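Position in the sequence shown (from 1) plus 155 gives the number in my numbering.
Quick notes on the structure that follows.
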Amino acid sequence: MNILVIGGGGREHALVWKLAQSPRVKALFASPGSDAMAPLARCVPLDLGQGGKDVISFAQREQIDLVVVGPEGPLVEGLADRLTEAGVRVFGPSAAAARLEGSKAFSKDFMARHGIPTAGYRTFDQPQAALDWLAANPGPRVVKADGLAAGKGVSVCHTPAEAAQAVRAMMVDKAFGQAGARVVLEDLLVGQEASYFVICDGRDFVALPPCQDHKAVNDHDQGPNTGGMGAYCPAPVITAAVEHKIQQQIVAPTLAGMAAEGHPYRGCLFVGLMISPQGEPRVIEYNCRFGDPECQPLMMMLDVDLAELLDQAATGKLGERLAGVQADRPEHGRVPAGTGIPIRAGSAACVVMASQGYPGPFAKGLAIHGLENLADQPDRVVFHAGTRRAQPNNNAEEGWQTQGGRVLGVTARGDTLAQALDKAYAAVKEIHWEGAHYRTDIGKKAL
Ligand code: AMP
Ligand code: GLY
């Protein structure tokens, strides 16, 4: 197979790393890719706009068998639809299905229609109506911009005054532009957060090992939220009993509901969950893609041919890998037997190293030292989220430089979570640049 991966971050580096191991893969491309991916995939700068024309003509020219779309933006904007219309096979949902992530109001209404457990909510288009409702219903609330706001359009508010301020910032001051023209006000859920991923073909799904991310920038979940400072899997907060509830009460009705509404979900469905102290899972949000950094430890744990798996999902053939379920499938979206997937023993963990100042403004172009001693091993890979490699001769110092807020995702597998963490942190300690920072408590909750 010839495969094109869309994206250039740590998640896509992990996808490319895993796809490159598939004996089925003949040629691997990434767009834009990154300097770190270059040894594994040919990196090509394609324009994702203009109705996907550039991607389509590249796919036709290079005889691409499967396009794997990493980030949500192009999916929400309909790249998968355009590719499908042009006869190019794609792993990733249609724009209509990607509304599960692209519109909070859509996803909340969808969950209400299908009885999927989530926080109580109300949606508002007018700031005054939202403020009046908050005044009449005091209590802890979460204020969310309806549209995509690069993971930043959510304010957890413990007092009515904080909530009112968040509403004004989004709806009046337009802190997130059009994304905040409509807001969702949610009840605050308590418990432990977890990330649950299923690969879907529109009807069936296979579940990946449950993960836990670390959103706050500092140890002990302090400081502002980030895209994620580290992740590990499997996460013991999702016991077998909790996982069964997630599949029965959330995943299966989500897939059945999307199919029944005419938008079957194909691709990776990422369910962000709050697990209550009583072990009841509730949906915080859906995402229409792999998590970043969750994807990095997940790829290290999967004991499958990723190219085959994603291709089966893209072609509605996941049923073929689900033991004994080819025959009689009376209804869409029911939980088939054996929804799990072969995974390697033990646990994997990813520690994100970030630029000083992230998630606020940060400097770029700082020289990174120590990577030369950390060549990839099957059980330890430094995935690059935001780096570039300065070439010899151009005045700047030759070698790796920082380029993003999240810079590296140092990922390792071990026979136990403690071993995985030891291995990852040992590598982190070898890597240096000015102002580099990382959390020292990734995975601690599970130890
Ligand atoms: P989201 O972008 O919807 O995932 O929200 C970002 C973060 O806000 C989540 O990871 C949670 O930590 C928090 N959050 C969102 N909604 C809720 C809620 N209803 N209750 C508690 N925390 C929430
Ligand atoms: N790590 C959370 C996300 O990818 O949204």
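By construction, the Cβ of each residue, glycine as well, lies at the ideal position given by its N, Cα and C atoms.
Note that the structure is a prediction, hence the values are computed from the model and not measured.
Contact between the stretch 562-574 and the stretch 498-508 is established, with three or more Cβ pairs separated by less than 8 Å. For the stretch 541-585, the full-length beta strand (DSSP E) segments reaching 3 residues or more read 542-545, 554-557 and 561-569 along the chain. As a beta-bridge residue in DSSP terms, Leu-428 pairs with Ala-349 and Val-438. If you ignore the 5 residues before and after Thr-595, its C-beta comes within less than 6 Å of the C-beta of Asp-374, all in its own chain and listed in chain order. By the Cβ rule, the stretch 248-256 counts as touching the stretch 418-425, because three or more pairs are nearer than 8 Å.
Burial is judged here by how many other beta carbons sit within 10 angstroms of a residue's own beta carbon; Arg-166 has at least 16 and is buried.
In the three-state DSSP reduction, Arg-499 falls in the coil class, being neither helix nor strand.
If you draw a straight line from the Cα of Asp-376 to the Cα of Lys-370, it is about 7 Å long. The beta carbon of Val-338 sits no closer than 8 Å to any heavy atom of the ligand AMP. Secondary structure of Cys-198 (DSSP, three-state): strand. Closer than 8 Å to some heavy atom of the ligand AMP: that describes the Cβ of Gly-308.
One alpha carbon belongs to Gln-320, the other to Val-507, and they sit about 32 Å apart. In the assembly as shown, Leu-602 is an exposed residue. Its beta-carbon has fewer than 16 other beta-carbons within 10 Å. Shown here, Gly-422 sits in a strand according to DSSP, grouped into three states. With respect to Gly-302, Ala-336 sits close: the two C-beta atoms are nearer than 9 Å. DSSP places Gln-367 in the strand class (E or B) of the three-state scheme. The straight-line gap separating the alpha-carbon atoms of Lys-578 and Gln-546 is approximately 30 Å. In this structure the stretch 427-443 does not lie against the stretch 457-471, because fewer than three pairs of beta carbons, one per stretch, are closer than 8 Å.
When DSSP reads this structure, Pro-187 sits in a beta bridge with Gly-162. Here the distance from the Cβ of Leu-344 to the nearest heavy atom of the ligand AMP is below 8 Å. His-539: member of the beta strand (DSSP E) spanning 535-539, first to last residue. In the three-state DSSP reduction, Phe-517 falls in the coil class, being neither helix nor strand. Counted as a single uninterrupted DSSP element, the beta strand (DSSP E) harbouring Cys-388 occupies residues 385-388. Bounds of the beta strand (DSSP E) holding Arg-277 are 276-279. The alpha carbon of Gly-207 has as its nearest neighbour, out of Leu-363, Arg-197, Ile-523 and Pro-229, the alpha carbon of Pro-229. For Phe-360, the enclosing beta strand (DSSP E) has its first and last residue at 360-362.
Exclusion of Ala-371 from the 8 Å shell around the ligand GLY follows from its C-beta lying no nearer than that to any non-hydrogen atom of the ligand.
One Cα belongs to Val-210, the other to Lys-181, and the distance between them is close to 19 Å.
Val-537 and Leu-221 have their alpha carbons spaced roughly 26 Å apart. A direct Cα-Cα distance of roughly 25 Å separates Glu-217 from Arg-444. Taking 9 Å as the cut-off, the Cβ atoms of Leu-457 and Leu-576 do not count as close. Exposed is the label assigned to Gln-403, since fewer than 16 other Cβ atoms lie within 10 Å of its Cβ. With contact defined as three or more Cβ pairs closer than 8 Å, the stretch 515-523 and the stretch 577-593 are in contact.
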